[in-house]
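Okay, so here's the structure we're looking at.
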Amino acid sequence: MDIEQFRKAGYQAIDRICNYYYSLEEKSVVSKVEPGYLRQHIPLEPPEKGGRFSSHRGRLPEIHTSRFDPLATPIILCLFSNGMHFRRDARRFVRLKYLQPWVQSSPACTELEAIVMDWAANLLGLTPAFMNASGVGGGVIQTTASDSVLVTVVAARARHQREHPDVKIQSWTCVWRACSCHDVDLDDQLSLRGEALRNALEEDARIGRHPFILIATVGSTSSGAVDNIPEIREVAKDYPSLWVHIDAAWAGSALSCPENRGVLHLQDFNAFADSVCTNFHKWGLVNFDCSALWVRNRKNLTEALDITPTYLRTKHGDAGTVIDYRNWHLSLGRRFRSLKLWFVLRGFGVEGFRKYIRRCIELNNLFAQQVETSEHLQLVTKPSLALTVFRLVPKPESPDQPKFSLGSLNELNRIFFGRLSARDNIMLTQTSLNGIFCVRLAVGAARTTEEHVRQAYDIVNKEAKVALESWEQTANTNGVTIVA
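Just so you know, the sequence shown maps onto residues 1143 to 1626 in the numbering used here.
This is the structure we're talking about:
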């Protein structure tokens, strides 16, 4: 779908909203649906091929590319959905064929989210144990990965207290120690290894601490690092009370392509992880915010977060026949985020989503290859999917010249990054890995082309040369030593 088609699709979406308002007085104030009604009308797996925008009477728009995700937003806003739970009473609702959202609360919000989260789990290759259809595990949309982590920490803490009532948990310090007190090395691509984890856990035991959650990273935002999940799995066998959360906030979308699943250890964390999250708003074609969280046992969430005052009780909730998503996250109300994800998955299909991910990786590899052939640029870590981390390192004047000091190279790269940041035609970010100041390039936009990547490299190369000249002149003028 091109831009003009998008314009027409936008007109049609606004027309549907206006028609809805005109027909409000004709609508019933009480819904007639029962739990599970939406599963009778929507496939339980994502489509292989994407659909086109349709103006068919009674249907919601079906979009084709990620820039059309905003079409979902005005529809969400016009529905006034406050998706606390599945509830049949409301003031007004809209019939858009199969979707029937409410003002107070929304069965459609709940039903569609349960289906779409199973679609997303299927797309990424997660085991059925994480799907809502299992009746045991399930998926829920949070705002960000930070919320996903916080929710799992709360659930893990509550589970640990239930299983070990005699253990006094000291705030969050044990969580931080369990997931952060370890050494990572650039030689291991900044990956947490099993031995380091075991040493940290044994040290905790010696001093009387009781770690209850490990947050393992699969594709860190900073460097694309992937923790050694197979080794972590072996250690976790000896610590059954340790909740293992897989944070795949950025790289999780790459699991949609089967060829990436081995690198990201899908089979291993499918077998033992308690929870998994990925942000579709980071690298999944959905606009902010849309963090997908799956848990192996939904009761661990609901037992920790369940708040059901009298005015929120419902027949279906009391019977346990529906999902009350208000008990799956920290807030009571929630936006109709699943509509955005549904638009994207329905519009792209599995085939189109995978094509987008593969294209991003291909373009990043092109940039990384150019960096490797550069005279002065250097990769700090191996390219990770759609991310390249690099820095500027001057070429030695002679083979026996001493290496440049880390401090001087960091100073040079701050000058380099400062020049890049001052430009209005490129956007890169900075990071620090084991004390090394680095520059990051990430490919993620659906409309990025090979020409854009080549232009980006030309800009980076040009600014690298200018920064290097400025640095050397300053060092010579001030008599600064720039080698170790």
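Ideal placement from N, C-alpha and C gives every residue a C-beta, glycine not left out.
What you are looking at is a predicted structure, and each value in this text was computed from that prediction instead of being measured.
Gly1494 and Gly1192 closer than 8 Å at C-beta = Yes. Within cutoff.
task = Please look up how many angstroms separate the CB atoms of Asn1555 and Arg1533, rounded, as I've assumed it's under 8 Å.
result = Between Asn1555 and Arg1533, the beta carbon gap of about 5 Å places them in contact (Cβ cut-off 8 Å).
inquiry  = Is it the case that the region 1247 to 1256 contacts the region 1398 to 1406, given that we only count it when at least three CB pairs across the two stretches are under 8 Å?
reply    = In short, these stretches do not touch, since the Cβ pair count stays below three.
ask   = Nearest to Gly1336 by CA position, among Glu1376, Ile1357, Tyr1599 and Ala1151, is which residue?
value = Measuring from the Cα of Gly1336, the nearest candidate turns out to be Glu1376.
Cys1689 burial status per 10 Å Cβ neighbour count (16 or more: buried) = Residue 1689 is absent from the model: the chain starts at 1143 and stops at 1626.
Host alpha helix (DSSP H) of Ile1371 (start-end) = Ile1371 to Ala1378 is the span of the alpha helix (DSSP H), which, as asked, contains Ile1371.
ask   = Does the pairing of the region 1276 to 1296 with the region 1515 to 1524 give three or more beta-carbon distances under 8 Å?
value = Because the criterion of three Cβ pairs below 8 Å is not met, the region 1276 to 1296 and the region 1515 to 1524 do not touch.
query = Quick one, are the C-beta atoms of Ser1433 and Ala1297 less than 8 Å apart?
reply = No; because the gap between Cβ atoms is not below 8 Å, this pair is not in contact.
task = Return helix, strand or coil for Gln1147, following the three-state DSSP convention.
result = In the three-state reduction of the DSSP assignment, Gln1147 falls in the helix class, which pools H, G and I.
query = Of all the options Gly1489, Thr1571, Ser1547 and Ala1564, which has the alpha carbon lying nearest to the alpha carbon of Val1531?
reply = Comparing Cα positions, the closest option is Thr1571.
query = With a Cβ-Cβ cutoff of 8 Å, do Thr1420 and Ala1378 count as a contact?
reply = No, the pair does not count as a contact, with Cβ atoms beyond the cut-off.
ask   = Since Trp1632 is in the beta strand (DSSP E), which residue starts that stretch and which ends it?
value = What the structure shows of the chain is the stretch from 1143 to 1626, and residue 1632 is not part of that stretch, so it cannot be assessed.
task = Specify whether the region 1570 to 1589 and the region 1547 to 1562 touch according to this definition: at least 3 beta carbon pairs, one from each stretch, less than 8 Å apart.
result = Short answer: they touch.
query = Which ranges would you report for the alpha helix (DSSP H) in the region 1477 to 1514 if only whole runs of at least 4 residues count?
reply = You should have 1480 to 1514.
query = Taking the C-alpha atoms as reference points, what is the distance between Ala1275 and Leu1343?
reply = If you take the alpha carbons of Ala1275 and Leu1343, they lie about 35 Å apart.
request  = Measure the alpha-carbon distance for Leu1266 versus Pro1536 and round it to whole angstroms.
outcome  = Put simply, the backbone Cα of Leu1266 is about 42 Å away from that of Pro1536.
task = Could you check which residue in Ala1606, Lys1441 and Ala1367 has the C-alpha nearest to that of Arg1301?
result = Relative to the Cα of Arg1301, the nearest Cα in the group Ala1606, Lys1441 and Ala1367 belongs to Lys1441.
message = Using only the alpha-carbon positions, how far apart do Phe1546 and His1387 sit?
response = Approximately 40 Å between the Cα atoms of the pair.
inquiry  = Quick check on the burial criterion: 16 or more other C-beta atoms within 10 angstroms. Buried or exposed for Asp1416?
reply    = With 16 or more Cβ atoms within 10 Å of its Cβ, Asp1416 is classed as buried.
inquiry  = Going by DSSP, what residue range makes up the alpha helix (DSSP H) through Ile1465?
reply    = Ile1465 -> no alpha helix (DSSP H), and no H or E assigned at all.
ask   = Given that a residue counts as buried once 16 or more other Cβ atoms are within 10 Å of its Cβ, and exposed if not, what is Val1608?
value = Looking at its Cβ environment, which holds fewer than 16 other Cβ atoms inside 10 Å, Val1608 is exposed.
task = Scan the region 1243 to 1295 and note each continuous beta strand (DSSP E) run of 3 residues or more that stays entirely inside, going in chain order.
result = Here the runs fully enclosed are 1280 to 1284.
inquiry  = Measuring straight from C-alpha to C-alpha, what distance separates Arg1589 and Leu1427?
reply    = Answer to the nearest angstrom: the Cα atoms are 11 Å apart.
task = Starting from Arg1582, trace the beta strand (DSSP E) both ways and give me its first and last residue.
result = Segment Ile1578 to Ala1584, the beta strand (DSSP E) holding Arg1582.
query = Tell me which same chain residues have a C-beta within less than 6 Å of the C-beta of Cys1321, skipping the five on either side of it?
reply = Annotation note: pLDDT 43 at Cys1321 (below 50); position unreliable, coordinate value reported separately. Only residues of its own chain outside the window of five on either side were considered, and among them Leu1356 and Ile1357 have a CB closer than 6 Å to the CB of Cys1321, listed in chain order.
Nearest-angstrom Cα separation, counted from Thr1523 out to Ala1564 = Looking at the two C-alpha atoms, the distance is approximately 25 Å.
message = Quick check on Ala1250: buried or exposed, where buried means 16 or more other Cβ atoms within 10 Å of its Cβ?
response = Around the C-beta of Ala1250, 16 or more other C-beta atoms lie within 10 Å, and the residue is accordingly described as buried.
key: Leu1180 versus Gly1279: straight-line alpha-carbon distance, rounded   = Between Leu1180 and Gly1279, the C-alpha separation is close to 20 Å.
query = Helix or strand or just coil, what does DSSP make of Cys1160?
reply = Note: Cys1160 maps to helix in three-state DSSP.
query = Among the residues of its own chain, which have a CB less than 7 Å from the CB of Glu1187, if the five just before and after it don't count?
reply = Listed in chain order, the non-local C-beta contacts of Glu1187 below 7 Å within the same chain comprise Trp1261 and Asn1264, local neighbours out to five positions each way being set aside.
Alpha-carbon spacing of His1306 relative to Ile1156, whole angstroms = In this structure, the alpha-carbon of His1306 lies about 55 Å from that of Ile1156.
task = Take the Cβ of Thr1359 as the centre, count every other Cβ of all protein chains shown within 10 Å, and call the residue buried at 16 or more, exposed below.
result = When all chains shown are included, Thr1359 counts as buried.
message = Does Ala1606 pass the burial test, meaning 16 or more other C-beta atoms within 10 Å, or should it be called exposed?
response = Under this definition Ala1606 is a buried residue.
Short Cβ contact (8 Å threshold) for Gly1361 with Ser1526 = It is a contact, given that the beta carbons lie within the stated cut-off.
query = Near Phe1414, what residues of its chain come up, given a Cβ to Cβ distance below 7 Å and the 5 sequence neighbours on each side ignored?
reply = If we look at Phe1414 and ignore the five residues flanking it on each side, its Cβ neighbours are Arg1375, Ala1378 and Val1386.
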